[in-house]
Amino acid sequence: MTRTPKLSAFRRIVVKVGSSLLVDSKAGGLKKAWLDALVADLAAHHKRGADILVVSSGSIALGRSVLGLPKGALKLEDSQAAAAVGQIALARTWAEALGSHGITAGQILVTLWDTEERRRYLNARATIERLLEMRAAPVINENDTVATSEIRYGDNDRLAARVAAMASADCLVLLSDVDGLYTAPPASDPNAKLLPVVPRVTAEIEAMAGGAASELSRGGMRTKVEAAKIATTAGVHMAIADGRVDHPLKRIAEGGPCTWFLTPSNPVTSRKKWIAGSLEPKGVVRIDAGAAKALVSGKSLLPAGVTGIEGGFNRGDCVLIRNPEGGEIGRGLIAYDAGEAAQIMGRSSRDIEKILGYSGRAAMIHRDDMALAGE
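In numbering that gives the first Met the number 0, the protein residues as written are 0 to 374.
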């Protein structure tokens, strides 16, 4: 029998909170007691040293109440207006709740384009990484004030999976209004059984997914299974659990009912496979012997070790890394446009600001954005 993961073993956890859990649909306000219990759970993991990220819905649900908008589907411009008002309240709520445990909250608003276009992806990833380095907790939401029907995620389950992949998290928890994935809809089938572990998302597993269950929710079990495919492909274990109870993370940790979707990989390995095999190289970076040796030992590529730049690549593009003999030793996502890379190659990272006029990243290709041959 496949063993279920332990929440206490993960080093970087993304928790998705839906509107129906956070906002009282009748009163239109926040469920403060529930939020306080959840944040206590988050704080316990933060205290043990884990990185914590939250993907939170709720801005539209909160804003529509403040603006007195009717229940039911909203026109796009009304949704955007509601989000503009509600996002302020949502951000303040998370900042105060996390702050009561000594955790600084950082707000990040994203659209689908931010995770599909590599320059934006790298910027968002770098912001998340820096916040986590400073032990802050990023609170992330879809940017509903500017997102349109053509580019929006449509649900925060898949957004959470994208964020987990972007942040190289090793665990994603989707708090839902059900215990997990059942063999059939439990509301209509008394013989439905909860699946505690899904080793791999198959066509049979996908067929078990249903539709949206809540007035405030844009997602359903189908989007959660789609999120599981995104997460597990990126090396992230994912759990679906009932978020309506107090202390939902504590309940999972104590063996409460949930469904774990397992991944055979890990975030670093999956990311390197993506860089090595899924991206078309846009240029070449040639390096000296010292830099080649440093890369093999696990270091980032600094401008000082670069001897040549070829191609018209942009920041965030994939480039080949070649040693002094011309052999390809790896590939990576470069932190500078070709013109800027040519200006700083062979120079110390301390000189970047003087040369380019702004304080850029010390590494031309960070180790996390690099896949060496044989990895």
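Backbone N, C-alpha and C define an ideal beta-carbon position, used for all residues, glycine too.
Is residue 234 helix, strand or coil when you go by DSSP?
-> In the structure shown, residue 234 adopts coil according to DSSP, grouped into three states.
Between residue 231 and residue 301, what straight-line distance do the alpha-carbon atoms span, to the nearest angstrom?
-> Rounded to whole angstroms, residue 231 to residue 301 spans 32 angstroms at the Cα level.
Pick helix, strand or coil for residue 331, following the three-state DSSP scheme.
-> In the structure shown, residue 331 sits in a strand (DSSP, three-state: E or B).
Considering residue 35, what are the terminal residues of the alpha helix (DSSP H) in which it resides?
-> For residue 35, the enclosing alpha helix (DSSP H) has its first and last residue at 31-46.
Straight-line Cα distance separating residue 372 from residue 460 | The requested residue 460 does not occur in the structure, where the chain is confined to residues 0 to 374.
In chain order, what residues of the same chain have a beta carbon less than 7 angstroms from the beta carbon of residue 35, not counting five sequence neighbours either side?
-> So the qualifying residues of the chain are 96.
Kindly indicate which three-state DSSP category residue 17 falls into: helix, strand or coil?
-> Coil at residue 17, not helix or strand.
Pick out the complete beta strand (DSSP E) segments inside the stretch 255-280, 3 residues or longer, and give them in chain order.
-> Listed in chain order, the beta strand (DSSP E) runs fully inside the stretch 255-280 are 257-260, counting runs of at least 3 residues.
Bridge partners of residue 241, per DSSP?
-> 175.
Beta strand (DSSP E) segment containing residue 55, residue limits | From DSSP, the beta strand (DSSP E) with residue 55 extends over 50-55.
Tell me which same chain residues have a C-beta within less than 8 angstroms of the C-beta of residue 454, skipping the five on either side of it?
-> The first residue shown for the chain is 0 and the last is 374, placing residue 454 beyond what the model contains.
Beta-carbon proximity of residue 159 to residue 51, cut-off 7 angstroms | Their beta carbons are not under 7 angstroms apart, which means residue 159 does not touch residue 51 by this criterion.
How about residue 82 and residue 107: are their beta carbons less than 7 angstroms apart?
-> Contact annotation: residue 82 and residue 107 have beta-carbon atoms that are not nearer than 7 angstroms.
Please list, in chain order, all residues of the same chain as residue 127 whose beta carbon is under 6 angstroms from its beta carbon, the five residues on each side excluded.
-> The answer, listed in chain order, is 137 and 166.
State buried or exposed for residue 179, treating a residue as buried only when at least 16 other CB atoms are found within 10 Å of its CB.
-> Residue 179 is classed as buried because its beta carbon has at least 16 other beta carbons within 10 Å across all chains shown.
How would you call residue 339, buried or exposed, if buried means at least 16 neighbouring beta carbons within 10 angstroms?
-> Here residue 339 is buried. Its C-beta has 16 or more other C-beta atoms within 10 Å.
Rounded to the nearest angstrom, how far is the Cβ of residue 170 from that of residue 12, given a contact under 8 angstroms?
-> Confirmed, about 5 angstroms.
With a CB to CB cut of under 6 angstroms and the five nearest residues on each side skipped, what residues in its chain are close to residue 63?
-> 81.
Sorted by chain position, which residues of the same chain lie with C-beta nearer than 6 angstroms to residue 336's C-beta, five sequence neighbours on each side aside?
-> Answer for residue 336: 313 and 314, listed in chain order.
Which stretch, first to last residue, makes up the alpha helix (DSSP H) that contains residue 360?
-> Element bounds for residue 360: n/a, residue is neither H nor E.
Pair within 7 angstroms by beta-carbon distance, residue 39 and residue 10 | By the CB criterion at 7 angstroms, residue 39 and residue 10 fall outside the cutoff.
Ordered along the chain, which non-local residues of its own chain (more than five positions away) have a Cβ less than 8 angstroms from that of residue 330?
-> For residue 330, where only same-chain residues beyond five positions count, the Cβ hits under 8 angstroms are 274, 275, 278, 280, 317, 318, 319, 320, 369 and 370.
Any 3 or more C-beta pairs closer than 8 angstroms across the stretch 231-246 and the stretch 254-269 | Note that the stretch 231-246 touches the stretch 254-269; at least 3 beta-carbon pairs, one per stretch, sit closer than 8 angstroms.
Can you name, in chain order, every residue of its own chain whose Cβ lies under 8 angstroms from the Cβ of residue 123, other than the five neighbours on each side?
-> For residue 123, same chain residues with a beta-carbon under 8 angstroms away, outside a window of 5 residues either side, are 107, 109, 113, 114 and 165 in chain order.
Grab the span of the alpha helix (DSSP H) containing residue 247 for me, first residue to last.
-> Counting along the chain, the alpha helix (DSSP H) containing residue 247 begins and ends at 247-252.
Any idea if residue 175 is buried or exposed, counting beta-carbon neighbours within 10 angstroms, 16 or more meaning buried?
-> The residue in question, residue 175, is buried, as its Cβ has 16 or more Cβ neighbours within 10 Å.
Look at the Cβ atom of residue 333, then the Cβ atom of residue 343, and state whether they are nearer than 7 angstroms.
-> Inclusion of residue 333 and residue 343 in the CB contact set at 7 angstroms is not warranted, their separation being larger than that value.
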